[in-house]
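A.B. asks:
Numbering (UniProt numbering), first residue to last: 1 to 363.
1) From residue 261 to residue 11, what distance separates their C-alpha atoms?
2) Assuming residue 209 contacts residue 282 (C-beta within less than 8 Å), just tell me the rounded distance between them.
3) Relative to the C-alpha of residue 178, which candidate in 236, 167, 324 has its C-alpha closest?
4) Would you mind working out which of 83, 105, 243, 85 sits nearest residue 76, comparing C-alpha positions?
5) Would you tell me roughly how many angstroms separate the C-alpha atoms of residue 249 and residue 305, rounded to the nearest one?
6) Let me confirm a value: residue 183 is counted as buried when at least 16 other C-beta atoms fall within 10 Å, else exposed. Which label applies?
7) Please report the residue range of the beta strand (DSSP E) in which residue 275 lies.
8) With contact counted as at least three CB pairs below 8 Å, one residue from each stretch, are the region 129-149 and the region 40-51 in contact?
9) What are the uninterrupted segments assigned as beta strand (DSSP E) that are 3 or more residues long and contained completely in the region 294-352, given in chain order?
10) Where does residue 181 sit, in a helix, a strand or coil, going by DSSP?
11) Tell me the DSSP secondary structure of residue 259 in three-state form.
12) Hey, could you find the ends of the beta strand (DSSP E) residue 79 is sitting in?
13) Who does residue 432 pair with in a DSSP beta bridge?
14) Which residues does DSSP list as the beta-bridge partners of residue 27?
15) Within this structure, are the beta carbons of residue 277 and residue 229 separated by less than 8 Å?
16) Decide if residue 268 is buried, meaning its Cβ has at least 16 other Cβ atoms within 10 Å, or exposed.
17) In the DSSP assignment, find the beta strand (DSSP E) that holds residue 65 and state where it starts and stops.
18) Taking C-beta to C-beta, are residue 231 and residue 186 nearer than 8 Å?
19) Based on the DSSP output, what are the partners of residue 228 in its beta bridges?
20) What first and last residue would you give for the beta strand (DSSP E) that runs through residue 13?
21) Across the region 24-35 and the region 78-87, are there enough close Cβ pairs to call them in contact, namely three or more that are closer than 8 Å?
22) Got a sec, what are the start and stop residues for the alpha helix (DSSP H) residue 215 sits in?
23) Within a Cβ cutoff of 8 Å, which residues of the same chain sit near residue 145, ignoring the five residues on either side of it in sequence?
See below:
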């Protein structure tokens with residue numbers, strides 16, 4: 001495998017149009033360039049020049065380009081022509097042919113960074129893991145890096161919130177993390193305003209599915225932080241390594257860099273940071289080596305930053321024989337009619353143990 005040059009492919013949960021100005025934008029369109037649905041409407045309304053794009057006469061598998069000087073940005077916009085008619089549906093491998101053309105154009109034009117939505121995952125019903133795999137395959141040996149933007153769940157007044165109040169909080173510490181921390185906050189009522197949903201996917205900077213890169217991006221974009229923060233994040237990063245195992249070394253190299261970037265910005269903006277190690281992932285025993293690897297990075301973080309503390313909670317979820325205690329994890333998840341095996345999220349017993357450990361450490 002070719003060596004990684006920079007961060008190849010990362011997901012962030014944020015509005016695509018908040019991407020830095022030096023990132024080229026890219027999205028999928030039909031050859032008719034109607035752009036009448038979804039995020040394509042935003043591109044048409046914001047940047048226009050549809051006739052100019054049509055004159056390029058691109059067919060499926062090719063890419064139309066709106067130069068930077070025409071769209072008022074520091075980088076161009078790429079229109080990936082993935083089908084003939086915009087209203088057609090269904091998976092098309094032209095989406096991936098476009099990626100090869102996109103890479104070629106970026107390298108020719110000197111573009112180093114591209115921001116795009118989850119191409120093909122909505123109207124065309126492609127799976128996100130498959131799209132991620134193709135992105136890694138296309139850009140792994142290229143100097144071009146890609147940010148894939150997924151909009152977080154909307155909250156009132158902020159359809160794609162970048163600046164969020166320092167909630168939820170636990171014993172005066174703001175809580176940051178992924179779905180395990182969302183469930184932790186819901187279970188123990190750690191928010192001042194009731195969520196709009198019974199089972200919310202987001203509470204402040206606790207976001208279901210969130211990875212380290214997304215959290216770092218939101219904080220860099222201006223999300224508000226309390227003086228004291230509790231952070232437990234990384235399970236989704238480990239699951240990405242599992243899903244894209246052929247890129248395991250590359251992803252871990254990028255994750256390591258992202259972790260240190262996250263530590264740096266938290267250390268600079270907070271008075272005290274309490275990092276919590278990851279629990280095991282019973283559903284995927286093959287992930288344990290990577291869980292231990294990331295936990296080792298987390299445990300070392302306190303050695304290098306005076307305002308960092310680390311709480312090792314991993315042993316809480318083991319039996320006396322050092323075997324993963326599955327009784328502390330959800331066995332099944334999902335609404336009635338769509339229940340599925342889990343083995344990833346902490347259940348009430350697991351969350352209660354985490355709560356007791358945090359209370360003991362903070363007090």
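Idealized CB from N, CA, C, for every residue including glycine.
Because the structure is a prediction, the values reported are computed rather than measured.
C.D. replies: Taking the geometry as given:
1) Taking the first residue of the chain shown as 1, we reach residue 261 at position 261. Taking the first residue of the chain shown as 1, we reach residue 11 at position 11. If I take the Cα positions, the gap works out to 15 Å.
2) Your numbering for residue 209 matches position 209 in the chain shown. Your numbering for residue 282 matches position 282 in the chain shown. In fact, because the Cβ distance is near 19 Å, the residues do not count as touching under 8 Å.
3) Within the chain shown, numbered from 1, the residue matching residue 178 stands at position 178. Of 236, 167, 324, the residue nearest in Cα terms is 236.
4) Position 76 of the chain shown, counted from the start, is the residue given in the question as residue 76. For residue 76, the closest C-alpha among the options 83, 105, 243, 85 is that of 105.
5) Translated into the one-based positions of the chain shown, residue 249 becomes position 249. Translated into the one-based positions of the chain shown, residue 305 becomes position 305. So the two alpha carbons sit approximately 27 Å from each other.
6) Position 183 of the chain shown, counting from 1, holds the residue named residue 183. Flag for residue 183 reads buried.
7) Here residue 275 corresponds to residue number 275 of the chain shown, with the count starting at 1. Per DSSP, residue 275 belongs to the beta strand (DSSP E) from 272-276.
8) no
9) 308-311
10) Position 181 of the chain shown, counted from the start, is the residue given in the question as residue 181. Here residue 181 sits in helix by DSSP.
11) In the chain shown, the residue the question calls residue 259 occupies position 259. Residue 259: helix per DSSP, three-state reduction.
12) Mapped onto the chain shown, residue 79 falls at position 79. Residues 77-83.
13) With the chain covering 1 to 363 only, the question about residue 432 has no answer from this structure.
14) One-based indexing of the chain shown puts residue 27 at position 27. The partner list for residue 27 (beta bridge, DSSP) reads 79.
15) In the chain shown, residue 277 corresponds to position 277, counting from 1. In the chain shown, residue 229 corresponds to position 229, counting from 1. Not a contact, by the Cβ cut-off of 8 Å.
16) Your numbering for residue 268 matches position 268 in the chain shown. So residue 268 ends up on the exposed side.
17) Working through the chain shown from its first residue, we reach residue 65 at position 65. Counting along the chain, the beta strand (DSSP E) containing residue 65 begins and ends at 63-66.
18) Position 231 of the chain shown, counted from the first residue, corresponds to residue 231. Position 186 of the chain shown, counted from the first residue, corresponds to residue 186. Not in contact: residue 231 and residue 186 (Cβ atoms no closer than 8 Å).
19) Mapped onto the chain shown, residue 228 falls at position 228. Listed as beta-bridge partners of residue 228 by DSSP are 272.
20) For this step, residue 13 is matched to residue 13 along the chain shown. Its beta strand (DSSP E) spans residues 9-13.
21) yes
22) Here residue 215 corresponds to residue number 215 of the chain shown, with the count starting at 1. Per DSSP, residue 215 belongs to the alpha helix (DSSP H) from 212-220.
23) Locating residue 145 in the chain shown gives position 145, counting from the first residue. If we look at residue 145 and ignore the five residues flanking it on each side, its Cβ neighbours are 6, 7, 8, 9, 10, 112, 113, 114, 139.
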